[in-house]
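The structure appears below as structure tokens.
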Amino acid sequence: LVQLYLPLNFLGAVYREIRQSLTDLESMFRLLREPAEIKDAPDAGALEVYGGEIRFEDVRFGYDPDRQILGGVSFSVPAGRTLAIVGASGAGKSTISRLLFRFYEVGSGAIRIDGQDIRAVTQDSLRAAIGIVPQDTVLFNDTIRYNIAYGRPVAGPDEIEEAARLARIHDFVVSLPQGYDTRVGERGLKLSGGEKQRVAIARTILKRPAILIFDEATSALDTQTEKEIQVSLREVSRNRTTLIIAHRLSTVVDADEILVLDRGQVIERGRHAALLAADGRYAQMWRRQQEAGDLKQRLAETRERQ
Ligand code: ATP
Numbered sequence: 313l314v315q316l317y318l319p320l321n322f323l324g325a326v327y328r329e330i331r332q333s334l335t336d337l338e339s340m341f342r343l344l345r346e347p348a349e350i351k352d353a354p355d356a357g358a359l360e361v362y363g364g365e366i367r368f369e370d371v372r373f374g375y376d377p378d379r380q381i382l383g384g385v386s387f388s389v390p391a392g393r394t395l396a397i398v399g400a401s402g403a404g405k406s407t408i409s410r411l412l413f414r415f416y417e418v419g420s421g422a423i424r425i426d427g428q429d430i431r432a433v434t435q436d437s438l439r440a441a442i443g444i445v446p447q448d449t450v451l452f453n454d455t456i457r458y459n460i461a462y463g464r465p466v467a468g469p470d471e472i473e474e475a476a477r478l479a480r481i482h483d484f485v486v487s488l489p490q491g492y493d494t495r496v497g498e499r500g501l502k503l504s505g506g507e508k509q510r511v512a513i514a515r516t517i518l519k520r521p522a523i524l525i526f527d528e529a530t531s532a533l534d535t536q537t538e539k540e541i542q543v544s545l546r547e548v549s550r551n552r553t554t555l556i557i558a559h560r561l562s563t564v565v566d567a568d569e570i571l572v573l574d575r576g577q578v579i580e581r582g583r584h585a586a587l588l589a590a591d592g593r594y595a596q597m598w599r600r601q602q603e604a605g606d607l608k609q610r611l612a613e614t615r616e617r618q
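What follows is the structure, encoded as structure tokens:
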């Protein structure tokens, strides 16, 4: 049996190694594959960021030429303000953030940051100005400290801790036996979706970009985690132009403007109260989420009583 066990054990280790390499490769490709198709203009200069105003001007786009995904989207986010995009799954919300990051080129129309067409500036300077908190953060197989400091490798321990505090992850980290030296990722401690997202927020706080894209997780979070994420999101979006791709309407209540996207078109826009008063699609979505929330609450109460 020992003779059989040892090779199997060895194979297990090899399998884990390969799987991990694939995870690393996958995240690398996710970063490298798409931008590689887009080239900087020969005379491209660095993006000059003043306040980080974003402007979409009649943007049309399709991943395939015969299937339009965005059909003429226009909006502007003044420097330091927050725009939230809501809409059914597949409406084109994430596509907007991918175009802003220039993973893809617009079909027609233009995207400008502080007045400069993003096609006219270098991709490096564009991406340095934007911080993304993705739905699902891939962590490096390294310590929590390393994973946070990745936002700005020269950051000192105090700055890292301060970012973690603002992102509401510090207390959790110091509760671990090895604190900031705890190894995470595939080979280390597995963090929950909410914890990973807070590590990403801390990373972005350190990076200090003028523009922030927050892609809210679709997966359900418990009420406490959801609240903590929202508090840390408020922190990171302060004084920063912010684009929120929202799935829970509770996240967008305070946004300066909300866009309701439907099959690549903006069908409503305004602030929360005005959209509720208009009693259109947004109000309908809000009522539906409230009802779902009430139901969840009632179920939890029933379970507690049993
Ligand atoms: P969700 O709320 O589910 O995240 P979304 O509103 O963010 O949805 P997008 O991810 O922007 O939607 O996708 C819009 C449409 O574009 C979808 O129909 C999707 O199938 C299509 N799409 C997205 N990515 C690609 C791609 N890489 N190639 C081809 N089609 C794509």
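Counting in UniProt numbering, the sequence shown runs from 313 upward without gaps. Note that beta-carbon positions come from the ideal geometry of N, C-alpha and C, so glycine has one too.
Query, Result
"Coil, strand or helix - Val389 by DSSP", "strand"
"Same chain, Cβ closer than 8 Å to Phe413, neighbours up to 5 away in sequence not counted", "Leu438, Arg439, Ile442, Ile444, Ile525"
"Exposure label - Arg480; buried when at least 16 CB within 10 Å", "buried"
"Residues bridged to Arg367 [DSSP beta-bridge criterion]", "Ser388, Arg424"
"Residues sharing a beta bridge with Arg379, DSSP", "Asp376"
"Cβ-heavy atom distance, Thr407 to the ligand ATP, below 6 Å", "yes"
"Glu473 - containing alpha helix (DSSP H), residue span", "469-478"
"Proximity of Asp574 and Gly399 at Cβ, strictly below 7 Å", "yes"
"Per-residue DSSP class, three states only, for Asp436", "helix"
"heavy atom of the ligand ATP below 6 Å from Pro468 C-beta", "The amino acid at residue 468 is misidentified as Pro; the sequence shows Gly. Outside the cutoff, so no."
"Under the three-state DSSP convention, the category Arg495 falls into", "strand"
"Tyr594 Cβ short of 6 Å to the ligand ATP heavy atom set", "no"
"Start and end residues, beta strand (DSSP E) containing Phe526", "523-527"
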